[in-house]
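Report on the structure given below.
Residue numbers (the numbering used here), protein chains in the order written: chain A, 34 to 202; chain B, 7 to 445.
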């Protein structure tokens, strides 16, 4: 066994030295390599995750805003249409009302005219009647003053009528 | 036309291979499993593998420090790179162990992966196993033979108890930073078990005469020379001006470091060997050698993985964790428990030898190929080694992770089955108790 150990060059001090070497290397590498690099890797991973999250958030927000705008647009379009429809309704109503009013006015005017015409006619008839009575009286006076025959009678009446220039309707 | 291209390429390849053999062929590699010692601090041998692991650690620490010194949310350059690596590791680990456990295991598993991977790939750089200091083997052999308590030989009752091979390349210089010339000859001398120091010394004299004084003697004679041959060899060494010199006691300054040794064949005391005027017999001890081509380092990693797995197991399940190993409710379970316990420890061994075997074999392969075919073929192996380096790092880390996940899992399922089969009324009750304990 001793010979084998010697032939292979095994010796305790060097073995211990190498274990110590490795331990030192491990500790120093932990300090100079693993700790900072792992920290950096984790940090970067986190940063990237945060970035991605933020991007997602921003995208969602943008989509939300877009949707809001669309909704507002749709709403305002709807409202406009409603307003236009209302206005049209009102216009139609006004038109109808005015047409009605006009018809009513016209009817009133016609009625009034008819009444005036009636009145004028009545007055004319009354006037005519009074005038006709006077003419008749004068004609009768003339007839009475002269000898009256049938033919003369008729002539006198015609004359009286012609004299009064009456034109009945 | 096509034929011309193919021919041209073939000639180019051959020329490259020839050139490689001529100018860049390394010395025959001397494969040693234990890491070579560069210097010592107290009881600790600073081997080249330990040294390399320090360099790798420094590299990792400096690189990561530079990359994460000023982090920003928008990464640039180096930060990008380390983030990609860590991100990849975290993803893989959490994939296997789940998010909660993944973060817990992460530090250890990732460190294992990074340390092994960077070590393996760093170990493919050209200065590995090539530049180093030299160790003078020629002197060492004499010192070992002459010493009453040798450092590398085992001497008992006047004879050596084990074979020991000393090898080195013939070099012009040694003892400082040198390079082995291309195709430097490698020679080796083996001290045999059952041999007395004196006899070994005699054979060493013949060995030196044969290899350094051009003494014409068959290889076999070095193994078992006659007294006559030894005397002739000693004379040859004495007469040649470019051979190592055997020194007697009078030639060595008083208080010389090496003890003297008496040669039975020559009957004289030899107090030293001088390579001053001759080629040296030396090996290059590379400053850098792959961290995990050393069993100490892979074993250390294996032990760390094992300890961490057990700690996590206890953390997750408390002492219920031990139930997996010690369950005496029936003989089969008891036996399975023993197997589980054994496999737990065998993991250390498999961790250790898998990594060591792969990396060591890779280094040997690269070394051998630079010796056999310095150019071109090595590149293929380099590609393979890049792959192996990554795979081994991943395997070590992944296995640690998987074993850790297994250790932290609750073993309610087995008991559940037992309860359903109605083997024991208590099994069901036990299950509930276990579940309550586990949560």
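Where a beta carbon is used, it is the ideal one built from N, C-alpha and C, also for glycine. The model shown is predicted, which means the values in this text are computed figures rather than measured ones.
Just checking: is the beta-carbon of residue i within a distance shorter than 7 Å of some beta-carbon in chain B?
{"i": "residue 117 of chain A", "result": "no"}
{"i": "residue 78 of chain A", "result": "no"}
{"i": "residue 54 of chain A", "result": "yes"}
{"i": "residue 74 of chain A", "result": "yes"}
{"i": "residue 41 of chain A", "result": "yes"}
{"i": "residue 38 of chain A", "result": "no"}
{"i": "residue 85 of chain A", "result": "no"}
{"i": "residue 47 of chain A", "result": "yes"}
Applying the 10 Å Cβ sphere with the 16-neighbour rule, what's the burial state of residue i?
{"i": "residue 523 of chain B", "result": "As shown, chain B starts at 7 and ends at 445. That puts residue 523 of chain B outside it, with no answer to give."}
{"i": "residue 80 of chain B", "result": "exposed"}
{"i": "residue 59 of chain B", "result": "buried"}
{"i": "residue 438 of chain B", "result": "Low confidence applies to residue 438 of chain B: its pLDDT is 41, below 50, so where it sits in the model is not reliable enough to give any reading."}
{"i": "residue 125 of chain B", "result": "buried"}
{"i": "residue 111 of chain A", "result": "exposed"}
{"i": "residue 148 of chain A", "result": "exposed"}
{"i": "residue 294 of chain B", "result": "buried"}
{"i": "residue 307 of chain B", "result": "buried"}
{"i": "residue 109 of chain A", "result": "exposed"}
{"i": "residue 398 of chain B", "result": "buried"}
{"i": "residue 42 of chain B", "result": "buried"}
{"i": "residue 174 of chain A", "result": "exposed"}
{"i": "residue 11 of chain B", "result": "exposed"}
{"i": "residue 485 of chain B", "result": "Here chain B has residues from 7 to 445 only, and residue 485 of chain B is not among them."}
State the Cα-Cα distance for the pair residue i and residue j, rounded to the nearest angstrom.
{"i": "residue 50 of chain B", "j": "residue 383 of chain B", "result": "38 Å"}
{"i": "residue 123 of chain A", "j": "residue 89 of chain A", "result": "50 Å"}
{"i": "residue 48 of chain A", "j": "residue 303 of chain B", "result": "6 Å"}
{"i": "residue 142 of chain A", "j": "residue 156 of chain A", "result": "20 Å"}
{"i": "residue 141 of chain B", "j": "residue 25 of chain B", "result": "29 Å"}
{"i": "residue 186 of chain A", "j": "residue 170 of chain A", "result": "13 Å"}
{"i": "residue 93 of chain A", "j": "residue 64 of chain A", "result": "42 Å"}
{"i": "residue 278 of chain B", "j": "residue 286 of chain B", "result": "15 Å"}
{"i": "residue 112 of chain B", "j": "residue 370 of chain B", "result": "33 Å"}
{"i": "residue 130 of chain B", "j": "residue 297 of chain B", "result": "11 Å"}
{"i": "residue 130 of chain A", "j": "residue 104 of chain A", "result": "38 Å"}
{"i": "residue 242 of chain B", "j": "residue 212 of chain B", "result": "9 Å"}
{"i": "residue 66 of chain B", "j": "residue 73 of chain A", "result": "19 Å"}
{"i": "residue 261 of chain B", "j": "residue 153 of chain B", "result": "The predicted model places residue 261 of chain B with a pLDDT of 47, which falls under 50 and marks its position as unreliable, so this point remains unresolved."}
{"i": "residue 222 of chain B", "j": "residue 138 of chain B", "result": "33 Å"}
How about residue i: is its C-beta nearer than 7 Å to some C-beta of chain A?
{"i": "residue 272 of chain B", "result": "no"}
{"i": "residue 159 of chain B", "result": "no"}
{"i": "residue 406 of chain B", "result": "no"}
{"i": "residue 314 of chain B", "result": "no"}
{"i": "residue 302 of chain B", "result": "yes"}
{"i": "residue 517 of chain B", "result": "What is shown of chain B runs 7 to 445, which leaves residue 517 of chain B out entirely."}
{"i": "residue 306 of chain B", "result": "yes"}
{"i": "residue 156 of chain B", "result": "no"}
{"i": "residue 147 of chain B", "result": "no"}
{"i": "residue 420 of chain B", "result": "Here residue 420 of chain B scores only 47 on pLDDT, less than 50, and its place in the model is too uncertain to base an answer on."}
{"i": "residue 310 of chain B", "result": "yes"}
Could you name the residues of chain A that residue i contacts, counting a contact when the two beta carbons are closer than 7 Å?
{"i": "residue 35 of chain B", "result": "Under the 7 Å cutoff, chain A gives no residues; its nearest Cβ is about 17 Å from residue 35 of chain B."}
{"i": "residue 93 of chain B", "result": "74"}
{"i": "residue 41 of chain B", "result": "42"}
{"i": "residue 74 of chain B", "result": "65, 66, 69 and 70"}
In chain B, what lies closer than 9 Å to residue i by C-beta?
{"i": "residue 61 of chain A", "result": "63, 66, 67, 70 and 71"}
What in chain B is Cβ-close to residue i, meaning under 7 Å?
{"i": "residue 50 of chain A", "result": "50 and 56"}
{"i": "residue 106 of chain A", "result": "Residues of chain B passing the Cβ test: none, with the nearest at roughly 43 Å."}
Counting only Cβ pairs nearer than 8 Å, list the residues of chain A close to residue i.
{"i": "residue 59 of chain B", "result": "51 and 54"}
{"i": "residue 89 of chain B", "result": "70, 73 and 74"}
{"i": "residue 96 of chain B", "result": "71 and 74"}
{"i": "residue 168 of chain B", "result": "36"}
Name the chain A residues whose beta carbon is nearer than 9 Å to that of residue i?
{"i": "residue 112 of chain B", "result": "67 and 71"}
Strictly below 8 Å CB to CB, what residues from chain B border residue i?
{"i": "residue 44 of chain A", "result": "51 and 302"}
{"i": "residue 58 of chain A", "result": "63, 66, 67, 117 and 121"}
*Which residue spans inside the stretch 117-150 of chain A form an unbroken alpha helix (DSSP H) run of at least 4?*
none
_Which complete alpha helix (DSSP H) runs does the stretch 284-358 of chain B hold, if anything under 4 residues is left out?_
301-323
Exercise. At what residue ranges does the stretch 201-243 of chain B contain a whole run of the alpha helix (DSSP H), taking only runs of 4 or more?
Worked result: 203-218 and 225-229
Checklist line | Residue ranges of each beta strand (DSSP E) within the stretch 36-106 of chain B, 3 or longer | finding: 43-47 and 50-53
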